[in-house]
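A.B. asks: Residue 10 is where the sequence shown starts when you use our numbering, and the numbers rise one by one after that. Glycine included, each C-beta is placed from N, C-alpha and C at the ideal position. Please read all numbers here as calculations on a predicted model, not as lab measurements.
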Amino acid sequence: MLLRVFVNRIQEKKNFKLMLTEPSQDEVAVADKLKISHQEYQDWQTIIPTLGLPDAIFEKLYTLKQRVENAGSEQSQFDPSEFYVSDRRWKKAVRLLKAAAFFNGRDEVAPLDLLLLEDCLWHSPESRDVVKTVMQAFAKEVLFDQQEVLALLDDVKVALADIEQDTAEALTYRQETANAGLTRKAMIDLSQSPRFTVNQSRDLVRFVLLRANPSVSEQEKGDSRWVYLDAADIEKKLKTGSTDLYGYVNKNNHLCRLTLEWDAQHALVIKDIANRPVPMALVGVNDPSEEQLTTWTQQTDHALEQLQHAQFLIRRARSQLNAGLPHLFAQPDLLETASASLVDVEHEVKTQINNLERQVNRLARLGEFFSGASDAER
């Protein structure tokens, strides 16, 4: 028997009495319009084996097979045979999946059909509980590529963090020091930096912020990409420790108070509104090379491709779920688990992608933040 259905004993006394005393119905009356003719049945036997088993569905099925086997090996209280599923049973199970696809009006097996395997893979009430646990996890993590989507997002976050770290290490302005005995005097050389004019303020230098941030000023919300600071103020005040200076953020024309400091590695940082340090590069001094920009652009392009693939997977999953409902045979609890998990992943994808896309675009435009020397006044 391919399908196993667990039927618990009768719990209620009155129902137990009815079972003992009511006459058995050996034959159930079926309306003529519901009866299956011999020819119709034979046609089904011919058509069902021809339905497709896409490679993507096979990969999910194989993942389920491995998970069941692994779960069995971890259950030391069970005999290994409790979780043995023969190749012949798997072959019959695939025919069942094709039949489910056929009776749901499709010409190939879809993800939701795989949920029927829950009742094909256990041998006892005890092993049934283990298989049910495996199927719940499978529905939450694998059925609609949920685990793959979340792994893609994690890979992108790691890749972008690595690129930001590389840019910070390569481009951050670092403190120059002159040592005289035990005395250390901090210095900053602006002689090679072009000068800019904003509003009526002249003799400004531009610093590019090398990390995404919520803003470096309460007056300007959103990612701060660069700041303009008065060269004379920097040379006079920016010697050691933390310093408050007034400058311009991005393309805005009003002055903002900004907090700069030298960190423990003698790197120049600016504090964002959450008081987190953001490394800075001085335009004209720390400009990236074409080779560096090419490398970082290739890396951010790859990260963007991964984001787009994650979006594709989640759109495809939603389409597959909608196309598969209502399903005539899948257990409602598994359908609910799969559907709820997909909603959760969709929400996570939407939240993460909005943040990650901004980060990708920021890194992709890094070269632009250093440009504009032609607009500067020497």
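Could you give the residue range of the beta strand (DSSP E) that holds Y255?
C.D. replies: Its beta strand (DSSP E) spans residues 251-258.
A.B. asks: Taking R285 as the reference, give the member of N262, P223, Q317, S298 with the closest Cα.
C.D. replies: Closest option to R285, Cα to Cα, is P223.
A.B. asks: Is it buried or exposed for D35, if we count other Cβ within 10 angstroms and need 16 for buried?
C.D. replies: With fewer than 16 other Cβ atoms within 10 Å, it is exposed.
A.B. asks: Look at the alpha carbon of I57 and the alpha carbon of K107, and state the distance between them as a whole number of angstroms.
C.D. replies: Each residue's alpha carbon lies about 6 Å from the other.
A.B. asks: For V103, does the count of other Cβ atoms within 10 angstroms reach 16, so buried, or fall short, so exposed?
C.D. replies: Answer is buried; the Cβ neighbour count reaches 16.
A.B. asks: Could you spell out the range, first to last residue, of the beta strand (DSSP E) harbouring L277?
C.D. replies: First-last of the beta strand (DSSP E) with L277: 277-280.
A.B. asks: Within the region 52-108, note down every full alpha helix (DSSP H) run reaching 4 residues or more, in order along the chain.
C.D. replies: Complete alpha helix (DSSP H) runs here, min 4: 64-83.
A.B. asks: Look at L152 and A347 and say whether their C-beta atoms are less than 8 Å apart.
C.D. replies: Going by C-beta atoms, L152 is nearer than 8 Å to A347.
A.B. asks: Taking the DSSP output, what are the residues bridged to V207?
C.D. replies: Partner(s): S210.
A.B. asks: To the nearest angstrom, how far is it from the Cα of R220 to the Cα of W305?
C.D. replies: Computed Cα separation, rounded: 14 Å.
A.B. asks: Within the same chain, show all residues whose beta-carbon is closer than 7 Å to that of F15, passing over the 5 residues directly before and after it, in chain order.
C.D. replies: Same-chain partners within the cutoff: P134, R137.
A.B. asks: For T268, report the span of its beta strand (DSSP E) as first-last.
C.D. replies: 265-271 is the span of the beta strand (DSSP E), which, as asked, contains T268.
A.B. asks: To the nearest angstrom, how far is the alpha carbon of A110 from that of D122?
C.D. replies: Straight-line Cα distance between these residues: approximately 7 Å.
A.B. asks: By Cβ distance, which residues of its chain are closer than 7 Å to V294, with the 5 residues on each side in sequence left out?
C.D. replies: The residues are Y182, Q201, S202.
A.B. asks: Determine the closest residue to D116 out of L159, L60, H132, S82, with distance taken between C-alpha atoms.
C.D. replies: Checking every option, the nearest Cα to that of D116 belongs to L60.
A.B. asks: Which value, in whole angstroms, describes the spacing of the CA atoms of D239 and F205?
C.D. replies: About 9 Å.
A.B. asks: Starting from V287, trace the beta strand (DSSP E) in both directions and tell me its first and last residue.
C.D. replies: From DSSP, the beta strand (DSSP E) with V287 extends over 286-291.
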